[in-house]
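Using this note's numbering, the letters of the sequence shown correspond one by one to residues 15 to 392.
Positions of the beta carbon are idealized from the N, C-alpha and C atoms, including for glycine.
Small disclaimer: the values here were computed from a predicted structure and weren't measured.
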Amino acid sequence: MTVKLAFAWHSLVHHKVRAVVSVGGISFSILLVFVQVGLYDSVFRTATMVQDRLHYDIMLVAPDYAFLAKPGTFPRRRLQQARAVPGVESTAPLYVGIKPWRNQQSGRHWRLLILAFRPEDPVFLDPEITEQAAALRKPDTVLLDRRTRPEFGAQDTGLITELGHRDVEVAGQYTIGFGFLANGAVITSDQNFSRLYDGRPLEEVNVGLVKLRPGANGEDVAKSLRGVLPADVRVLTRAEQNAQERQYWATQTSVGLINGFGTVVATIVGIVILYQVLATDLTNHLPEYATLKAMGYTGRSLAQLVVLKVILLGLLAYAPALPLALAIYAATHEATMLPIVMTGTRALAILALTLVLSTLAALVSLRKLRTADPADLY
């Protein structure tokens with residue numbers, strides 16, 4: 015095996031320029047897969063970014079609920095009915111809307127996600143928000159997400175700007191994120207939310223958050239709620255709500271479909287590039303392989319040599335692709351605030367995929383070598 019490995023290495027680096035081109039081509043295909051998989055994964059991560067920071071076990075939503083920024087409404091009295099169900103500890107309404115935020119410097123308006131709750135309700139898991147909830151009792155005050163895009167202009171605490179044609183004051187800041195829902199987000203009180211929407215009645219709720227008593231079984235309580243509540247509200251456990259949100263973003267939005275399709279295309283392009291590089295390399299080295307075959311090397315031995323060579327090629331190509339992918343992830347996060355991150359599982363999975371596909375491409379390209387007469391290969 016040591017001799018075969020040495021032969022594979024010398025065969026690979028004998029023509030240095032050719033080797034660099036081969037490594038570069040495969041590195042590009044690996045990088046393409048890394049980027050597309052990262053973007054596609056960010057769709058799933060952002061799908062429940064806000065919900066993951068909400069304090070609930072079961073969510074009540076309208077029948078026409080699509081996703082968090084398009085939730086529909088249902089009567090708030092359903093929350094009162096839900097509190098009477100055994101196993102329910104508390105309920106809280108959540109109001110969701112979209113309004114334009116005015117950049118004070120440029121005068122431009124940008125879509126902003128608005129989340130509203132009663133300051134006395136423990137709606138958010140983030141203690142930073144809970145500690146600032148009392149400040150939202152003041153009329154026309156909001157908490158601004160620090161991940162709001164720079165295009166929104168100044169975002170300092172104390173800033174007074176226009177939100178939905180109404181002047182509001184930034185009373186504080188928090189950090190959650192909002193993914194593809196909008197370019198920025200604020201949290202405010204239910205009363206301020208009503209003012210932003212010209213006195214909208216708070217009896218119409220967008221989302222209901224249900225907290226269970228310790229020891230209560232979520233599936234059993236959800237079943238009881240479905241039996242008690244009328245058809246104008248849907249009952250979703252936390253797992254069901256997360257699954258629905260991810261499925262919607264993956265299958266019903268252009269963001270999910272484009273990135274999903276891009277991942278498939280990137281993988282196919284990577285396979286094609288990989289095969290072309292290996293097939294070309296095999297053709298360029300046919301005389302060497304012919305000599306080995308004439309010397310008595312079996313087809314299996316030649317296959318082992320070629321597979322060792324492509325594994326080395328794959329490892330060499332992967333080495334620059336990984337840090338380049340990390341750099342692109344960091345730049346993309348900085349530019350878009352999307353949670354595009356490298357995980358150990360992804361890094362190892364794409365490395366394994368590279369080696370497996372390299373091996374398969376090598377075995378396919380060996381067909382000509384296995385069937386040819388050594389004299390025909392010179």
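Using the rule of at least 16 other Cβ atoms within 10 Å of the residue's Cβ for burial, across every protein chain shown, is Lys30 buried or exposed?
As a working note, residue 30 is residue 16 in the sequence shown. Exposed.
So, are the CB atoms of Thr105 and Arg97 less than 8 angstroms apart?
Here residue 105 refers to the residue found at position 91 of the sequence shown. Here residue 97 refers to the residue found at position 83 of the sequence shown. Yes, Cβ-Cβ distance for Thr105 and Arg97 is below 8 angstroms.
Should the region 212-231 be regarded as contacting the region 149-160, the criterion being three or more beta carbon pairs within less than 8 angstroms?
no
Can you tell me where the alpha helix (DSSP H) with Phe48 in it begins and where it stops?
As a position in the sequence shown, residue 48 is number 34, starting the count at 1. Segment Lys30 to Ala61, the alpha helix (DSSP H) holding Phe48.
Can you name, in chain order, every residue of its own chain whose Cβ lies under 6 angstroms from the Cβ of Pro114, other than the five neighbours on each side?
Sequence index remark: in the sequence shown, residue 114 carries index 100 (1-based). Here the set comprises His123.
Spell out the partners DSSP gives Tyr188 in its beta bridges.
As a working note, residue 188 is residue 174 in the sequence shown. Paired residues: Asp159.
Within the continuous beta strand (DSSP E) that includes Leu139, where are the two ends?
For this step, residue 139 is matched to residue 125 along the sequence shown. That residue, Leu139, is in no beta strand (DSSP E); it is neither H nor E in DSSP.
Measuring CB to CB, does Leu461 end up less than 8 angstroms from Leu127?
In the structure as shown, the chain starts at 15 and stops at 392, and residue 461 therefore has no counterpart that could be examined.
Exposed or buried, Asp170, counting other C-beta atoms within 10 Å across all chains shown (16 or more means buried)?
Indexing the sequence shown from 1 puts residue 170 at position 156. Classification of Asp170: exposed, given that the 10 Å Cβ count is below 16.
Where His347 sits in the DSSP three-state scheme
As a first step, residue 347 must be located in the sequence shown, where it is residue number 333. Helix, per DSSP.
In angstroms, rounded to a whole number, what distance separates the CA positions of Pro136 and Gly186?
If you number the sequence shown from 1, residue 136 lands on position 122. If you number the sequence shown from 1, residue 186 lands on position 172. For Pro136 and Gly186, the distance between alpha carbons rounds to 18 angstroms.
Please report the straight-line C-alpha distance between Gln258 and Asn206, rounded to a whole angstrom.
For the purposes of this step, residue 258 is taken as residue 244 along the sequence shown, with counting starting at 1. For the purposes of this step, residue 206 is taken as residue 192 along the sequence shown, with counting starting at 1. Approximately 30 angstroms between the Cα atoms of the pair.
Gly191 and Asp159 - do their beta-carbons sit closer together than 8 angstroms?
The residue given as residue 159 occupies position 145 in the sequence shown. The residue given as residue 191 occupies position 177 in the sequence shown. Closer than 8 angstroms, so yes.
Using the three-state DSSP reduction, which class does Tyr109 fall into: helix, strand or coil?
In the sequence shown, the residue the question calls residue 109 occupies position 95. Residue state, collapsed to three classes: strand.
Give the secondary structure of Gly172 by DSSP, where H, G and I count as helix, E and B as strand, and everything else as coil.
Counted from its first residue, the sequence shown places residue 172 at position 158. Looking at Gly172 - three-state DSSP - the assignment turns out to be coil, as it is neither helix nor strand.
Check for me: the alpha helix (DSSP H) holding Gly222 runs from which residue to which?
The residue given as residue 222 occupies position 208 in the sequence shown. Counting along the chain, Gly222 falls outside any alpha helix (DSSP H), though it belongs to the beta strand (DSSP E) covering Val221 to Leu226.
How far does the beta strand (DSSP E) with Thr265 in it reach, from first residue to last?
Within the sequence shown, numbered from 1, the residue matching residue 265 stands at position 251. Not the beta strand (DSSP E): Thr265 falls in the alpha helix (DSSP H), residues Arg252 to Thr265.
Going by beta-carbon coordinates alone, are Ile44 and Tyr332 separated by less than 8 angstroms?
By 1-based counting over the sequence shown, the position of residue 44 is 30. By 1-based counting over the sequence shown, the position of residue 332 is 318. Yes, these two residues count as a Cβ contact at 8 angstroms.
Which residue from Asp55, Thr373, Gly222 and Thr162 puts its Cα closest to that of Leu322?
By 1-based counting over the sequence shown, the position of residue 322 is 308. Ranking Asp55, Thr373, Gly222 and Thr162 by Cα distance to Leu322 puts Thr373 first.
Cα-Cα, which of Arg252, Glu254, Gly222 and Arg260 is closest to Leu243?
For the purposes of this step, residue 243 is taken as the residue at position 229 of the sequence shown. That would be Gly222, whose Cα lies nearest to the Cα of Leu243.
Selection from Arg91, Ile285 and Ala76 that minimises the alpha carbon distance to Pro85
Position 71 of the sequence shown, counted from the start, is the residue given in the question as residue 85. It is Ala76.
Which first and last residues belong to the alpha helix (DSSP H) in which Leu74 is found?
Here residue 74 is taken as the residue at index 60 of the sequence shown, counted from 1. Unbroken run through Leu74 is the beta strand (DSSP E), Ile72 to Val75; no alpha helix (DSSP H).
Taking only the alpha-carbon atoms, compute the straight-line gap between Thr62 and Ser238 and give it to the nearest angstrom.
The count along the sequence shown starts at 1 and reaches residue 62 at position 48. The count along the sequence shown starts at 1 and reaches residue 238 at position 224. The straight-line gap from Cα to Cα measures roughly 25 angstroms.
Closest Cα partner of Pro107 within the set Tyr188, Tyr70 and Val49:
Residue 107 sits at position 93 when you count from the first residue of the sequence shown. Answer by Cα proximity: Tyr70.
Beta-carbon spacing of Asp140, Arg180 below 8 angstroms:
Here residue 140 refers to the residue found at position 126 of the sequence shown. Here residue 180 refers to the residue found at position 166 of the sequence shown. No; because the gap between Cβ atoms is not below 8 angstroms, this pair is not in contact.
Ordered along the chain, which non-local residues of its own chain (more than five positions away) have a Cβ less than 8 angstroms from that of Thr144?
On the sequence shown, position 130 is the one that residue 144 refers to. Counting only Cβ-Cβ distances below 8 angstroms, and skipping sequence neighbours, we find Pro136 and Phe138.
For Phe207, does the three-state DSSP call read helix, strand or coil?
Against the sequence shown, residue 207 aligns to sequence position 193. Helix.
In terms of residues, what are the limits of the alpha helix (DSSP H) holding Ile287?
Counted from its first residue, the sequence shown places residue 287 at position 273. Looking at the DSSP string, the run of the alpha helix (DSSP H) that includes Ile287 is Ser268 to Asn298.
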